[in-house]
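Just so we're aligned: 194 in our numbering is position 121 of the sequence shown, and the numbers increase by one with no gaps anywhere.
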Amino acid sequence: MTVWLERTTRVEDKPGSGKLRHDPDVIIDNFTLQRYDENGTVQHTLTAQQMRHYPDNDSAELDEPELLYRGKLTPTHISAKHATLGRDGKEAILRDNVKVLREATAGRAEMTLSTTLLYVYPEEEIARTDQPVRLTQGKSVATGVGMVADRIKEQYVLESRVKATIERARRP
Numbered sequence: 074m075t076v077w078l079e080r081t082t083r084v085e086d087k088p089g090s091g092k093l094r095h096d097p098d099v100i101i102d103n104f105t106l107q108r109y110d111e112n113g114t115v116q117h118t119l120t121a122q123q124m125r126h127y128p129d130n131d132s133a134e135l136d137e138p139e140l141l142y143r144g145k146l147t148p149t150h151i152s153a154k155h156a157t158l159g160r161d162g163k164e165a166i167l168r169d170n171v172k173v174l175r176e177a178t179a180g181r182a183e184m185t186l187s188t189t190l191l192y193v194y195p196e197e198e199i200a201r202t203d204q205p206v207r208l209t210q211g212k213s214v215a216t217g218v219g220m221v222a223d224r225i226k227e228q229y230v231l232e233s234r235v236k237a238t239i240e241r242a243r244r245p
């Protein structure tokens with residue numbers, strides 16, 4: 074009996090033994106993470122309904138993530154159904170119903186972007202995708218496949234199959 078009990082409860086490091094499975098070690102509901110600059114000002118806030126951390130590859134999965142960029146530039150909101158954070162937190166992969174909203178300013182209408190997949194690099198404030206994209210600002214609409222967005226330069230570059238209808242600016 075003792076030999077059988079010892080053998081059936083032994084944990085081995087063999088592949089497929091279950092020790093290296095992709096199971097979460099931490100689950101946090103109503104997750105919030107904030108990044109500050111050197112002056113203590115919030116630069117961006119990441120929230121999610123749930124965050125699950127996986128120790129086997131040091132990644133995190135987020136449900137209903139929302140990223141809010143603040144700082145000196147126009148606030149920008151990014152949301153999706155799901156996201157994966159890489160090991161060092163320098164890349165977030167947002168997928169399923171990805172939405173970007175840059176708030177309106179006194180001289181510029183609100184801008185929205187929608188796609189199915191978006192790679193976000195929070196520290197550089199850059200995002201990219203190789204998927205179809207739809208950009209809307211006021212009555213202007215642009216669509217294309219593939220995009221690189223630079224929040225600091227306030228540039229959104231559509232890479233291929235671009236079609237656009239641009240609203241004519243009104244003269245004062």
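Just so you know, even glycine gets a beta-carbon here, dropped at the ideal spot from N, CA and C.
Since the structure is predicted, the reported quantities are computational estimates derived from the model, not experimental observations.
For the structure I just gave you, are there three or more beta carbon pairs, one from the region 153-160 and one from the region 206-225, closer than 8 Å?
Flag = no, the region 153-160 and the region 206-225 do not touch.
Of all the alpha helix (DSSP H) runs that stay within the bounds of the region 114-194, which reach a length of 4 or more residues?
none
Helix, strand or coil: which one does DSSP assign to TYR229?
Mapped onto the sequence shown, residue 229 falls at position 156. Three-state result, TYR229: strand.
Quick one: what's GLN204 bridged to in DSSP?
As a working mapping, residue 204 is identified with position 131 in the sequence shown. DSSP, once it has assigned bridges, lists no residue as partnering GLN204.
Using the three-state DSSP reduction, which class does LYS236 fall into: helix, strand or coil?
Taking the first residue of the sequence shown as 1, we reach residue 236 at position 163. It is a strand residue.
Which listed residue (ARG125, TYR109, GLN107) has its alpha carbon closest to that of ASP98
As a working mapping, residue 98 is identified with position 25 in the sequence shown. Comparing alpha-carbon positions, the option among ARG125, TYR109, GLN107 lying closest to ASP98 turns out to be ARG125.
Please state the DSSP three-state secondary structure of ASP96.
Your numbering for residue 96 matches position 23 in the sequence shown. Reduced to three states, the DSSP call for ASP96 is coil.
If you compare alpha carbons, which of PRO205, GLN210, ALA237, LEU167 is closest to TYR194?
In the sequence shown, the residue the question calls residue 194 occupies position 121. Nearest of PRO205, GLN210, ALA237, LEU167 to TYR194, Cα basis: LEU167.
Excluding the 5 residues flanking VAL76 on each side, which residues of the same chain have their C-beta closer than 7 Å to its C-beta?
For the purposes of this step, residue 76 is taken as residue 3 along the sequence shown, with counting starting at 1. For VAL76, the predicted model reports a pLDDT of 44, less than 50, meaning its position is unreliable; a value from the coordinates is still stated below. Excluding residues within five positions, none has a Cβ falling inside 7 Å.
For ASP45, the residue or residues it bridges with in DSSP
With the chain represented from 74 up to 245, any question about residue 45 goes unanswered, as that position is not in the structure.
First through last residue of the beta strand (DSSP E) which encompasses ASP110
The count along the sequence shown starts at 1 and reaches residue 110 at position 37. No beta strand (DSSP E) holds ASP110; DSSP gives it neither H nor E.
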